[in-house]
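Colleague: Here it is, the structure in full.
Number of protein chains: 2
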Amino acid sequence: MLDLAILGLLHESPMHGYELRKQLSTKLGAIRAAISYGSLYPTLRRLQTAGWITEAGETPAGDADVPPLTSRRGRVVYKITAEGKERFQDLLAQVGPEAYEDAAFGVHFAFFSRTDVDIRLRILEGRRRKVEERREGFREVLARAAERLDAYTLELQRHGLDAADREVRWLEELIANERSGRTPQPRGAEGELRPSPRTTDSARPLTARPGPDDSAQ
Amino acid sequence: MLDLAILGLLHESPMHGYELRKQLSTKLGAIRAAISYGSLYPTLRRLQTAGWITEAGETPAGDADVPPLTSRRGRVVYKITAEGKERFQDLLAQVGPEAYEDAAFGVHFAFFSRTDVDIRLRILEGRRRKVEERREGFREVLARAAERLDAYTLELQRHGLDAADREVRWLEELIANERSGRTPQPRGAEGELRPSPRTTDSARPLTARPGPDDSAQ
DNA sequence: GTAACGATGTATCGGCGCGATACATCGCGA
DNA sequence: TCGCGATGTATCGCGCCGATACATCGTTAC
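Following this line, the structure appears as structure tokens:
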């Protein structure tokens with residue numbers, strides 16, 4: 004899961020660990036909190052021994068005179084290898100049930116620009132199915148067991164149901180978008196993904212701050 | 004984190020592992036997927052050696068004649084101890100920054116019926132602050148770095164922003180509710196917390212089944 | 001009658017990822 | 001010049017997950 008994300012970022016440009024973490028935080032911010040160093044560095048090592056990435060010099064310290072008091076070690080820049088790129092493509096195309104899980108789905112989605120349309124559709128549909136099941140679970144609990152649960156637990160269920168419902172709609176718009184050929188240009192940065200304007204008022208253009216009105220429907 | 008959840012459930016009634024997992028899944032369904040046995044059983048053992056819970060008999064197998072072919076082991080019913088109840092209260096009142104994290108917040112919230120109003124407010128406000136920061140992060144990325152990100156990453160940010168915004172509003176309603184004294188009755192099941200008039204058509208009566216009383220004992 | 005199957009039930013194992021922690025350098029303002 | 005926050009690499013313990021194994025029970029199918 005981290006493998007895919009790291010390979011993806013290094014695919015764009017070489018980087019050192021710290022920078023990698025920052026980029027991951029913004030790119031995957033909507034999905035996972037912030038990748039920990041306790042995961043990052045071991046993963047980097049694993050990727051390196053597997054041959055997917057290599058250290059790209061940059062330990063300048065021109066003078067060898069400087070006695071390495073405490074094993075002096077500058078910033079280590081990693082870059083992806085040819086095998087790494089293959090591995091990345093493999094991981095991207097791997098559409099198992101794992102790819103529908105919250106975190107994994109987010110990572111896959113974040114690299115959709117590099118993914119084929121059919122793969123994109125399969126992932127989006129799988130994810131939708133999963134969230135739909137989740138949503139039905141909430142509905143059943145609310146319908147069947149409402150009397151046996153306290154008010155706060157019920158409120159939690161309602162919030163969950165609402166969130167799931169909203170994500171399903173979001174996914175449906177994305178799927179429709181993909182199907183109708185109007186996919187954003189795979190590489191282009193200025194592409195407008197924005198589904199049709201008459202969605203719910205959810206994904207509003209950032210220029211306009213979300214208004215106070217919240218009439219969900 | 005699991006400790007709190009397990010103690011909370013066992014506080015309501017004794018239970019065995021399997022049942023515990025099911026109840027956790029519905030009670031915390033909106034928060035975590037489904038607690039794994041690989042977490043549950045070790046945690047139960049830990050809680051037991053700590054003295055918070057005990058095994059409450061129920062390994063009937065009346066006859067000692069039956070040779071335990073493969074270390075025959077019936078269902079193990081756990082119950083909370085007096086120390087466990089204290090521990091539960093301690094954990095409930097512990098309002099550190101951890102309590103604002105996604106999963107931990109959900110668990111705390113699920114047991115709000117057993118929590119004092121001031122603690123409830125502190126947790127809700129802490130959570131709100133956290134989600135607000137998250138939301139601002141999305142806004143900044145969308146405003147500042149929109150050109151450098153591809154369409155899908157942007158879409159992910161928008162969706163994240165929307166979800167965060169929505170949760171903040173949800174929290175604000177809950178906070179207002181708590182402040183205005185109109186808290187749902189701590190134990191009552193029929194209390195109306197419902198913030199918005201209708202989220203979706205969630206709590207519909209659909210095929211009303213006659214209450215299948217599944218309490219085998 | 002019995003075979004198959006899914007739900008119930010307990011348990012372990014490998015491994016991923018987190019949070020805390022340690023340590024070092026660098027630029028900047030007090 | 002002193003501290004402090006940002007930059008930067010790294011390890012350790014452990015919580016939790018997913019896969020797996022195994023046993024029992026009730027119901028359905030043949």
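As you go down the protein sequences, you meet chains W and G in turn. Note that our numbering has the first sequence beginning at 4, numbered continuously upward. Note that our numbering has the second sequence beginning at 4, numbered continuously upward. We put the CB at the ideal spot given by N, CA and C, even for glycine. Owing to the predicted nature of the structure, the values given are computational and were not obtained by experimental measurement.
Is Pro17 (chain W) buried or exposed, if buried means 16 or more other CB atoms sit within 10 Å of its CB?
Modeller: On the first sequence, position 14 is the one that residue 17 (chain W) refers to. Pro17 (chain W) is buried by the Cβ-count criterion.
Colleague: Please classify Asp168 (chain G) as buried or exposed, where buried requires at least 16 neighbouring CB atoms within 10 angstroms.
Modeller: Against the second sequence, residue 168 (chain G) aligns to sequence position 165. The residue in question, Asp168 (chain G), is buried, as its Cβ has 16 or more Cβ neighbours within 10 Å.
Colleague: Can you name the residues of chain G whose CB is closer than 8 Å to the CB of Gln160 (chain W)?
Modeller: Within the first sequence, the letter at position 157 stands for residue 160 (chain W). Under the 8 Å cutoff, chain G gives Gly32, Ala33.
Colleague: Mind checking which residues open and close the alpha helix (DSSP H) that includes Val98 (chain W)?
Modeller: Locating residue 98 (chain W) in the first sequence gives position 95, counting from the first residue. Careful: Val98 (chain W) lies outside any alpha helix (DSSP H) and carries neither H nor E.
Colleague: I'd like the list of long-range same chain contacts for Ala8 (chain G), defined as Cβ closer than 7 Å, with 5 residues on each side in sequence excluded.
Modeller: Residue 8 (chain G) sits at position 5 when you count from the first residue of the second sequence. Leu27, Leu31, Val110, listed in sequence order.
Colleague: Spatial neighbours of Tyr103 (chain G) within its chain, please: CB distance less than 6 Å, with the 5 preceding and 5 following residues excluded, ordered by chain position.
Modeller: Translated into positions along the second sequence, residue 103 (chain G) becomes position 100. These residues qualify, in order along the chain: Gly129, Arg130, Lys133.
Colleague: Does the distance from the CB of Leu13 (chain W) to the CB of Leu43 (chain W) come in under 8 Å?
Modeller: Walking along the first sequence from the start, residue 13 (chain W) turns up at place 10. Walking along the first sequence from the start, residue 43 (chain W) turns up at place 40. Against a cut-off of 8 Å, the Cβ pair of Leu43 (chain W) and Leu13 (chain W) comes out as no contact.
Colleague: So with CB distances below 8 Å, who are the chain G contacts of Val144 (chain W)?
Modeller: Counting from 1 along the first sequence, the entry for residue 144 (chain W) is found at position 141. Thr29, Gly32, listed in chain order.
Colleague: Run down chain G in chain order and give the residues with a C-beta less than 7 Å from the C-beta of Thr84 (chain W).
Modeller: Your numbering for residue 84 (chain W) matches position 81 in the first sequence. The contacting residues do not exist; Thr84 (chain W) stays about 23 Å from chain G at best.
Colleague: Candidates G:Phe141, G:Phe115, G:Arg151, G:Leu157: which alpha carbon is nearest Glu222 (chain G)'s?
Modeller: Because chain G is modelled from 4 through 220, residue 222 (chain G) falls outside the range shown and cannot be assessed.
Colleague: Indicate the three-state DSSP secondary structure (helix, strand or coil) for Tyr21 (chain W) in the structure shown.
Modeller: Locating residue 21 (chain W) in the first sequence gives position 18, where the first residue counts as 1. It is helical.
Colleague: Could you work out which residue in G:Ile56, G:Leu95, G:Glu86, G:Gln97 is closest to Val80 (chain G) when comparing CA atoms only?
Modeller: Position 77 of the second sequence, counted from the start, is the residue given in the question as residue 80 (chain G). Cα-wise, what sits closest to Val80 (chain G) is G:Ile56.
Colleague: Could you round the C-beta distance between Leu95 (chain W) and Thr118 (chain W) to whole angstroms and report it? I think they count as a contact, below 8 Å.
Modeller: Mapped onto the first sequence, residue 95 (chain W) falls at position 92. Mapped onto the first sequence, residue 118 (chain W) falls at position 115. Right, the Cβ-Cβ distance comes to about 5 Å (below 8 Å), so this counts as a contact.
Colleague: Select from W:Gln92, W:Leu124, W:Glu89 the residue whose C-alpha is nearest the C-alpha of Ile1 (chain W).
Modeller: It is not possible to answer for residue 1 (chain W), since the shown part of chain W is limited to 4 through 220.
Colleague: Counting only beta-carbon separations shorter than 8 Å, does Ser183 (chain G) have a partner in chain W?
Modeller: One-based indexing of the second sequence puts residue 183 (chain G) at position 180. By this cut-off, Ser183 (chain G) is not an interface position.
Colleague: Rounded C-beta distance between Gly54 (chain G) and Thr84 (chain G)? I'm assuming under 8 Å.
Modeller: Locating residue 54 (chain G) in the second sequence gives position 51, where the first residue counts as 1. Locating residue 84 (chain G) in the second sequence gives position 81, where the first residue counts as 1. Right, their Cβ atoms sit about 6 Å apart.
Colleague: List the whole-angstrom C-beta distance separating Gly11 (chain G) from Phe91 (chain G), where the pair is believed to meet the contact cut-off of C-beta under 8 Å.
Modeller: Mapped onto the second sequence, residue 11 (chain G) falls at position 8. Mapped onto the second sequence, residue 91 (chain G) falls at position 88. 6 Å between Cβ atoms; contact.
Colleague: So what does DSSP say about Ile83 (chain W), is it helix, strand or coil?
Modeller: The sequence position of residue 83 (chain W) within the first sequence is 80, counting from 1. In the structure shown, Ile83 (chain W) sits in a strand (DSSP, three-state: E or B).
Colleague: Got a sec: is the Cβ-Cβ distance from Ala1 (chain G) to anything in chain W below 8 Å?
Modeller: With chain G represented from 4 up to 220, any question about residue 1 (chain G) goes unanswered, as that position is not in the structure.
Colleague: May I ask you to report which of helix, strand or coil DSSP gives Thr118 (chain G)?
Modeller: Position 115 of the second sequence, counting from 1, holds the residue named residue 118 (chain G). Coil.
Colleague: Could you tell me whether the Cβ atoms of Val171 (chain G) and Arg138 (chain G) are closer together than 8 Å?
Modeller: In the second sequence, counting from the first residue as 1, residue 171 (chain G) sits at position 168. In the second sequence, counting from the first residue as 1, residue 138 (chain G) sits at position 135. Taking 8 Å as the Cβ cut-off, Val171 (chain G) and Arg138 (chain G) qualify as a contacting pair.
Colleague: Beta-carbon separation of Ala59 (chain G) and Lys82 (chain G) under 8 Å?
Modeller: By one-based count along the second sequence, residue 59 (chain G) stands at place 56. By one-based count along the second sequence, residue 82 (chain G) stands at place 79. In contact: Ala59 (chain G) and Lys82 (chain G) (Cβ atoms closer than 8 Å).
Colleague: Within a Cβ cutoff of 8 Å, which residues of the same chain sit near Glu15 (chain W), ignoring the five residues on either side of it in sequence?
Modeller: Numbered from its first residue, the first sequence carries residue 15 (chain W) at position 12. Excluding sequence neighbours, Glu15 (chain W) sits near nothing in its chain.
Colleague: So what does Ile38 (chain W) bridge to, in DSSP terms?
Modeller: Here residue 38 (chain W) refers to the residue found at position 35 when the first sequence is read from its first residue. Answer is none; Ile38 (chain W) lacks a bridge partner.
Colleague: From Ala149 (chain G) to His162 (chain G), what distance separates their C-alpha atoms?
Modeller: Here the question's residue 149 (chain G) lines up with position 146 in the second sequence. Here the question's residue 162 (chain G) lines up with position 159 in the second sequence. Each residue's Cα considered, the two are about 14 Å apart.
Colleague: From the DSSP output, which residues share a beta bridge with Thr57 (chain G)?
Modeller: In the second sequence, counting from the first residue as 1, residue 57 (chain G) sits at position 54. Bridge partners of Thr57 (chain G): G:Lys82.
Colleague: Check each candidate in W:Asp121, W:Ala166, W:Trp173, W:Ala154 and name the one with the smallest Cα separation from Gly184 (chain W).
Modeller: To locate residue 184 (chain W), count along the first sequence from 1; it is residue 181. Taking only the C-alpha atoms, the option nearest Gly184 (chain W) is W:Asp121.
Colleague: I'd like the span of the alpha helix (DSSP H) that includes Leu7 (chain G), first residue to last.
Modeller: Your numbering for residue 7 (chain G) matches position 4 in the second sequence. Taken as a continuous stretch (DSSP letters only), the alpha helix (DSSP H) holding Leu7 (chain G) covers 5-15.
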